[in-house]
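Chains as they are written, first to last, in my numbering: chain A, 1111 to 1488; chain B, 1173 to 1280. No residue lacks a Cβ here, since even glycine has one placed at the ideal position from N, Cα and C.
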Ligand SMILES: [Zn+2]
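Encoded structure:
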């Protein structure tokens, strides 16, 4: 058993003058305060990576800077899936009794700490240095390739994908700290400039500065809490050239493993937190997991199914597409929002009671998948 | 003449593109190096409008493909504009940012 005892999230966007360590520290302080835990009580520290602070020991660099001396501490790297992978590690660590609590933290000045070209170039290096990168791909190009095949097979239209961008922007509209809050329409998404066909500017998440953290504990934090019931992963490839399929990925397998570990089914979930680096990422993951029929995610979004008042509220903070994407912290924001919604403390964004939630993240080019089932226990 | 190279395992018959010193399916050492005919089918296609570097910006927009080769492996390559999924294509080579890279045209 493990509990998400506290979460901390900074605003995402352009936050000039703040370093990776500043943003990590800010998020960590917020999460510890939320969990009512003192620095000296922290036993485990997990962190991800930062493209603006590459280091072979980022977790201990952070621990020293922040002022903690954990008994368990290291970094984790699974691209965009890192945040949820750390939740899985933290869950296993407290459940097995290695530590009583784990502070999971991420932060990066990905927007203001480098030029946009540097950000685009460093991220494109998830491609193969010899067989892919020389062709001048970008992350949107890898996903553009996937999108072309997936849309071809399942009859998805660009307008369907645009619905997901519209939805995430609507959710960010009144979320404190969101980077992009001005409403957009399907027509505006369709008219936005081409990036990597069929993906256009508004199909892509922004690059952000930001930090996000959470605390996982062995002890129930109060009368009421959100616990991690079970987790699962699947890793099918690294490079898009080597993906076994561009229409079926490891997401369903990861969810099946999380389901087995937790004894919970997708149908138990009343809230979904799903990785949305691009509109196509979100569509594929929703459809692969079974939260939408193949080719049907856009239509469900248009019908309000994934809205705050819908049957399956999704990324109610605005997701990567509109709250923003600062790297590892991006998915942690999804987890933070899920915990906040489940605890009933989302204020004006609050959806109706969420007894259980399904979280899913991917890293690389739909390469690595991590799923979690959360449950509110009273 | 430049050709697209791939590898084949004499033990289990697997074919693959990213060169290595063993078969990734069965682990056999010393896979054979072979040259592809250059014939294939477009599996996926995108057009890169936003290039990753200043040097590549003058090439944009450029067409990027995943091609299923006749020999049974898949690779990333450039393509002529206007190619679509399922188009039959054949490989040529061109200079791109200082490298000689495969670029596919519609097969006759
Ligand atoms: Zn073999």
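Asked	Found
With a threshold of 7 Å on Cβ separation, who are the neighbours of residue 1293(A) within its own chain once the five nearest residues in sequence on each side are excluded?	1279, 1280, 1283
What whole-angstrom Cβ distance do residue 1315(A) and residue 1122(A) have, given they're in contact under 8 Å?	Going by Cβ atoms, the distance from residue 1315(A) to residue 1122(A) rounds to 10 Å, so no, they are not a contact pair.
Once DSSP output is grouped into helix, strand and coil, what is the label at residue 1311(A)?	helix
In terms of residues, what are the limits of the alpha helix (DSSP H) holding residue 1229(A)?	1226 to 1234
Is residue 1206(B) near ligand 1, going by C-beta to nearest heavy atom under 7 Å?	no
Hey, is residue 1192(B) close to ligand 1, as in C-beta under 7 Å from one of its heavy atoms?	no
Spell out whether any CB of chain B is found under 8 Å from the CB atom of residue 1299(A).	no
For the alpha helix (DSSP H) that residue 1363(A) lies in, which residues bound it at each end?	1361 to 1372
Note down the Cα distance separating residue 1131(A) from residue 1369(A), rounded to an integer number of angstroms.	35 Å
So who's on the other strand from residue 1341(A), going by DSSP bridges?	1482(A)
The alpha helix (DSSP H) with residue 1440(A) in it runs from where to where?	1438 to 1452
Please go through the same chain and pick out, in chain order, the residues whose beta-carbon is closer than 7 Å to the beta-carbon of residue 1181(B), but skip the five residues on each side of it.	1195, 1197, 1198, 1200, 1203
Would you grab the beta carbon distance between residue 1459(A) and residue 1112(A) for me? Rounded to a whole angstrom, and I think it's under 8 Å.	The Cβ separation is near 26 Å, so there is no contact.
Any beta-carbon of chain A closer than 8 Å to the one on residue 1224(B)?	yes
Can you name the start and end residues of the beta strand (DSSP E) that residue 1178(B) belongs to?	1177 to 1180
From the DSSP output, in three-state form, read off residue 1284(B) for me.	Lying before the first or after the last residue shown, residue 1284(B) is absent from chain B, which here runs from 1173 to 1280.
With DSSP as the reference, identify every bridge partner of residue 1234(B), one or two as the case may be.	1220(B)
Would you say residue 1250(B) faces chain A, with C-beta separation under 8 Å as the test?	yes
Give me the pocket residues for ligand 1, defined as CB within less than 5 Å of any heavy atom, sorted by chain position.	1181(B), 1183(B), 1184(B), 1186(B), 1195(B), 1197(B), 1198(B), 1200(B)
Whole-angstrom Cβ separation of residue 1382(A) and residue 1410(A), contact assumed at under 8 Å?	Contact doesn't hold; Cβ gap of about 11 Å is too wide.
Scan the region 1240 to 1275 of chain A and note each continuous alpha helix (DSSP H) run of 4 residues or more that stays entirely inside, going in chain order.	1249 to 1264
Taking residue 1248(B) as the reference, which of 1179(B), 1190(B), 1279(B) has the closest Cα?	1190(B)
Counting pairs of Cβ atoms below 8 Å between the region 1346 to 1353 of chain A and the region 1162 to 1170 of chain A, do you hit three or more?	no
Measuring only the C-alpha atoms, how far is residue 1115(A) from residue 1151(A)?	14 Å
With a 10 Å radius around its C-beta and 16 neighbouring C-beta atoms as the bar for buried, classify residue 1253(B) as buried or exposed.	exposed
Could you tell me which residues DSSP pairs with residue 1219(A) in its beta bridges?	1319(A)
In terms of residue numbering, what span does the beta strand (DSSP E) encompassing residue 1175(A) cover?	Element bounds for residue 1175(A): not the beta strand (DSSP E) but the alpha helix (DSSP H), 1168 to 1176.
Tell me the DSSP secondary structure of residue 1473(A) in three-state form.	strand
Report back the beta-carbon spacing between residue 1254(A) and residue 1308(A) to the nearest angstrom; my notes put them in contact at under 8 Å.	7 Å
Under 8 Å between C-beta atoms, does residue 1231(A) make it to chain B?	yes
Please classify residue 1179(B) as buried or exposed, where buried requires at least 16 neighbouring CB atoms within 10 angstroms.	buried
With a threshold of 8 Å between beta-carbons, can residue 1264(A) be considered close to chain B, or not?	no
Under 7 Å between beta-carbons, which chain B residues line up against residue 1259(A)? List them in chain order, please.	1215, 1216, 1257
In the structure shown, what three-state DSSP assignment does residue 1432(A) receive?	helix
Can residue 1340(A) and residue 1371(A) be called in contact, C-beta distance under 8 Å?	yes
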